[in-house]
Amino acid sequence: MAKNKTLSYFTNGILTENPVLRLVLGTCPTLAVTTTFMNGIGMGAAATMVLICSNIVISLLRNIIPQKVRIPAFITVIAGFVSIVQLLVKAYAPSIDKSLGIFLPLIVVNCIILARAEMFASKNSVLPSLLDGLGMGVGFTVTLAIMGLIREIIGTGQIAISESLTIPLTSAIGIEPMLIFILPPGGFFVFGLLIALSNKIAEKQGKKAVENIGCEGCPVKDCCSAKEEIEKEEEKND
Numbered sequence: 329m330a331k332n333k334t335l336s337y338f339t340n341g342i343l344t345e346n347p348v349l350r351l352v353l354g355t356c357p358t359l360a361v362t363t364t365f366m367n368g369i370g371m372g373a374a375a376t377m378v379l380i381c382s383n384i385v386i387s388l389l390r391n392i393i394p395q396k397v398r399i400p401a402f403i404t405v406i407a408g409f410v411s412i413v414q415l416l417v418k419a420y421a422p423s424i425d426k427s428l429g430i431f432l433p434l435i436v437v438n439c440i441i442l443a444r445a446e447m448f449a450s451k452n453s454v455l456p457s458l459l460d461g462l463g464m465g466v467g468f469t470v471t472l473a474i475m476g477l478i479r480e481i482i483g484t485g486q487i488a489i490s491e492s493l494t495i496p497l498t499s500a501i502g503i504e505p506m507l508i509f510i511l512p513p514g515g516f517f518v519f520g521l522l523i524a525l526s527n528k529i530a531e532k533q534g535k536k537a538v539e540n541i542g543c544e545g546c547p548v549k550d551c552c553s554a555k556e557e558i559e560k561e562e563e564k565n566d
């Protein structure tokens, strides 16, 4: 039983609580960087490293960080690891760094990472936090890779593994690529299809489909300025 529970910390992020398809977090980088398969892999790997490292450190410091300043403290920890990852990518994968552009440093404000810090790492010990970060990172990476693969194959007719290695697929058999798939409308279309597929699988497993839950159901509602604005509006209406 204990082994199954430990394993569930990892598998939740891939299946039942996939951050993109089930929790619908990190939508901006999901749509922006998945124009190619390798971009999806690069973004997912970078976010996974930050997730794992920040979860471990926040879990270790959970009893030291004062409650009132926990969010700034979490962001400081996350920003430190994002800087490290960004420097490593610049040094060893400059093509990925060029492709991801501003979205690499913007991992600092990725709501998946902040949500796991607030909802899980700050409340659990190191091993569960490590597995949670790994599972969420793998789920995020797999989703981005699938989206990038679909958009790149349909949109360009090929897969670019590197600057020197490109594998022609549909273009090799004379099928014209649909360029709209590497544009924003294509990203929204593929994203919607994957969420619909995720909902269908969830229904068969007896789980709830993704739905509009509003601010009250948001996992990071306590650290969002929107909550304060809503409370002010409610006070005015009263």
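Counting the sequence shown from 1 gives a position; this note's numbering is that position plus 328.
No residue lacks a Cβ here, since even glycine has one placed at the ideal position from N, Cα and C.
Classification of residue i by the beta-carbon crowding that lies within 10 angstroms, buried from 16 upward
i, result
"Y420", "exposed"
"I406", "buried"
"V417", "buried"
"G483", "buried"
"F516", "exposed"
"I412", "exposed"
From the options, residue whose alpha carbon lies closest to that of residue i
i, options, result
"I424", "I474, T363 and N340", "T363"
"K451", "C356, G370 and I386", "I386"
"I478", "I403, L522 and V410", "L522"
"N367", "S427, L458 and T484", "S427"
"N340", "I503, R444, L493 and G463", "G463"
"I495", "I369, G515, V413 and F365", "F365"
"L351", "G515, T471, P512 and Q486", "T471"
"Y337", "F448, A375 and F402", "F448"
"S490", "C356, I508 and I369", "I369"
"P512", "A530, A443, C356 and L415", "C356"
"N383", "F402, K396 and S526", "F402"
Pairwise C-alpha distance: residue j and residue i
i, j, result
"P422", "Q533", "42 Å"
"K333", "E480", "37 Å"
"D398", "E446", "According to the sequence displayed, residue 398 carries Arg and not Asp. Roughly 8 Å between the two C-alpha positions."
"I510", "I393", "43 Å"
"T404", "V361", "25 Å"
"A524", "V518", "10 Å"
"G408", "I487", "33 Å"
"V466", "R390", "24 Å"
"V437", "P400", "11 Å"
"I269", "L493", "Only positions 329 to 566 of the chain appear in this structure, which leaves residue 269 out of reach."
"P347", "G354", "7 Å"
"K528", "L388", "38 Å"
"A530", "R444", "22 Å"
"M329", "P456", "Its pLDDT being 48, under 50, M329 is placed unreliably in this model, and the value from its coordinates should be taken loosely. So the two alpha carbons sit approximately 15 Å from each other."
"L459", "E504", "43 Å"
"M371", "Q414", "11 Å"
"L349", "G520", "9 Å"
"L335", "I508", "40 Å"
"Q395", "S526", "36 Å"
Residue j beta carbon less than 8 Å from that of residue i
i, j, result
"V378", "I441", "yes"
"I380", "G461", "yes"
"T358", "M475", "yes"
"P433", "V410", "yes"
"L497", "G514", "no"
"T344", "T469", "no"
"A374", "I435", "yes"
Residue i Cβ short of 7 Å to the ligand COA heavy atom set
i, result
"I380", "Questions concerning the ligand COA fall outside what the structure shown contains, since it holds no ligand whatsoever."
Whole runs of the alpha helix (DSSP H) within the segment 370–415, excluding any shorter than 4 residues
none
Considering only residues of the segment 430–487, which uninterrupted alpha helix (DSSP H) runs meet the minimum length of 4 residues and lie entirely inside it, listed in chain order?
439–447 and 454–484
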